[in-house]
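Going by full-length UniProt numbering, the first residue of the sequence shown is number 1, and it counts up by one from there. Take a look at the structure below.
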Amino acid sequence: MTDNAARVAIVTGAARGIGAATAVRLAADERAVAVVDLEESAGKDTVAAIEAAGGRAIAVGADVSDEAAVNAAVERVTAELGAPTILVNNAGITRDNLLFKMDVSDWDTVMGVHLRGSFLMARAVQKHMVDAKWGRIVNISSTSALGNRGQANYSTAKAGLQGFTKTLAIELGKFGITVNCVAPGFIVSDMTKATAQRIGQDWESYLAARAAAIPVQRAGQPEDIANAVSFFTSEQSSFVSGQVLYVAGGPKA
Ligand code: NAP
Numbered sequence: 001m002t003d004n005a006a007r008v009a010i011v012t013g014a015a016r017g018i019g020a021a022t023a024v025r026l027a028a029d030e031r032a033v034a035v036v037d038l039e040e041s042a043g044k045d046t047v048a049a050i051e052a053a054g055g056r057a058i059a060v061g062a063d064v065s066d067e068a069a070v071n072a073a074v075e076r077v078t079a080e081l082g083a084p085t086i087l088v089n090n091a092g093i094t095r096d097n098l099l100f101k102m103d104v105s106d107w108d109t110v111m112g113v114h115l116r117g118s119f120l121m122a123r124a125v126q127k128h129m130v131d132a133k134w135g136r137i138v139n140i141s142s143t144s145a146l147g148n149r150g151q152a153n154y155s156t157a158k159a160g161l162q163g164f165t166k167t168l169a170i171e172l173g174k175f176g177i178t179v180n181c182v183a184p185g186f187i188v189s190d191m192t193k194a195t196a197q198r199i200g201q202d203w204e205s206y207l208a209a210r211a212a213a214i215p216v217q218r219a220g221q222p223e224d225i226a227n228a229v230s231f232f233t234s235e236q237s238s239f240v241s242g243q244v245l246y247v248a249g250g251p252k253a
C-alpha cells in the first residue's frame, strides 16, 4: 500500500493548536480525518480547513476520559469514514500548581485526560488496526516529562505516556502497528498563552524570553509537531517503533 491509500485517522483535541495542525497535515497526507474534541461544534473550523483544501473530515464530540464517549466516537468514525488505523492521542490540559497547593482534582483531571484518555482511545481503536494488520499510534508527550516546576501532575502523565508507548509498541508490533511518542518543547498555542497569563507575564515578552532560551532561537509552531506526526504515521516509518522524538528546537527542554 502507498501513502495514497485511504487511511482513516483520529486526532484527539483537534479543534485547535497542535491537534488542529496535525489534523490538517494528515488530511494533506490524504488521510480521512476524524477531528475529535470535547464539543463537536468546536471541531468545525478544522473540518472546514481540511475540506477547503480538498480533504475529507468529520468533527466528533467526545471527552477522551469517558469510556462510553470514546467507544461511541470510534463507532461513529468507523461508520462514517471507515475503520480507523491511525490514532494521534493529542488531547491535553494543564492544571499547574506547586505540589503543596495541588488539589487531588488537579491530579486526577490531568491523569484522566492524558493517561486514561490515551488508554481508552488506543484500546478502542486497536482492533481495527489488528484487523487491517496495519496501524500507527502517536502519543503526544512533552519535554515536561523530564521534570518541570509546578507540573507534578502533567510531567508525570507525560512521562507515563512514554512508558505506555513503549509497551504498546512491544504488544502490537506483530500486527504491523507502530507506536511512537512526539514530545514537543515550547509551542505557540492557547495552552502556552494560558501559562503566560497564569504566571502574570505579558505574552510577547514571555514568548521572546522562551525563544531566546531555545537553541534554534524561535518558539515552535503547531506545524512543527504535525510534521513529526506525519512521519510517524507514514507508510515509510514501519521499522520505527517505541521511540520518543523530542521536537523542541534543541537537545534539551
Ligand atoms: P490546546 O491549544 O489547549 O488544545 C488542546 C485541545 O484538547 C483543545 O481543543 C481541548 O478542548 C482539547 N481537550 C482537552 N481535554 C479534552 C478531553 N478530555 N477530550 C477531548 N478533547 C480535549 O493545547 P496544545 O498546546 O495544542 O497541546 C496539544 C497537546 O500537546 C497536549 O497534549 C499538550 O499537553 C501537548 N504539548 C503542548 C506543548 C505546548 O507548548 N503547547 C508542549 C508540549 C506538549 P477545549 O478547548 O474544549 O478545552
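By construction, the Cβ of each residue, glycine as well, lies at the ideal position given by its N, Cα and C atoms.
Excluding the five sequence neighbours on either side, which residues of its own chain have a C-beta within less than 6 angstroms of the C-beta of residue i, listed in chain order?
i	result
ASN4	Here ASN4 scores only 45 on pLDDT, less than 50, and its place in the model should not be relied on; the value that follows carries that caveat. Only GLU30 meet the Cβ criterion.
GLY160	LEU115
residue 264	A question about residue 264 goes unanswered here, because the residues of the chain that appear run from 1 up to 253.
LEU99	ALA152
TYR154	THR94, VAL110 and SER144
Can you tell me whether residue i sits near the ligand NAP, meaning its C-beta is under 6 angstroms from at least one heavy atom of the ligand?
i	result
ILE187	yes
VAL110	no
VAL138	no
ILE10	no
ASP131	no
VAL113	yes
ARG16	yes
ILE93	yes
LEU26	no
LEU120	no
PRO184	yes
Note down the Cα distance separating residue i from residue j, rounded to an integer number of angstroms.
i	j	result
LYS252	THR143	8 angstroms
PHE239	THR167	16 angstroms
ASP63	ALA83	20 angstroms
THR156	THR109	13 angstroms
MET1	GLU235	Note that MET1 scores 46 on pLDDT, short of 50, meaning its location in the model is unreliable; the coordinates nonetheless yield the value given after this. Distance between the alpha carbons of MET1 and GLU235: 8 angstroms.
PHE164	VAL113	14 angstroms
LEU87	ASN139	8 angstroms
GLN201	GLN126	43 angstroms
SER189	SER118	21 angstroms
ALA9	GLY249	27 angstroms
THR12	ALA34	8 angstroms
SER230	ALA91	17 angstroms
TRP203	LYS193	6 angstroms
ALA32	ARG76	14 angstroms
ILE199	GLY173	43 angstroms
Please classify residue i: does DSSP put it in a helix, a strand, or coil?
i	result
VAL240	coil
residue 306	With the chain covering 1 to 253 only, the question about residue 306 has no answer from this structure.
VAL188	coil
PRO222	helix
VAL35	strand
THR94	coil
GLY61	strand
VAL216	coil
ILE199	coil
GLY82	coil
ARG116	helix
ASP3	At ASP3 the pLDDT is 46, less than 50, meaning the model places this residue with poor confidence and gives no usable figure here.
THR22	helix
Considering only residues of the same chain and omitting the five flanking positions on each side of residue i, which have a CB-CB separation below 7 angstroms?
i	result
ARG210	PHE186 and ALA219
GLU40	ALA59, VAL60 and GLY61
Check whether the Cβ of residue i sits closer than 6 angstroms to any heavy atom of the ligand HEM, and report yes or no.
i	result
SER65	The model depicted lacks the ligand HEM and carries the ligand NAP instead.
Between which residues of its own chain and residue i is the CB-CB distance below 8 angstroms, once the five residues before and five after are set aside?
i	result
ALA72	ALA62
Exercise. Between the segment 44-56 and the segment 89-107, do three or more beta carbon pairs fall short of 8 angstroms?
Worked result: Contact between the segment 44-56 and the segment 89-107 is absent: fewer than three C-beta pairs spanning the two stretches fall below 8 angstroms.
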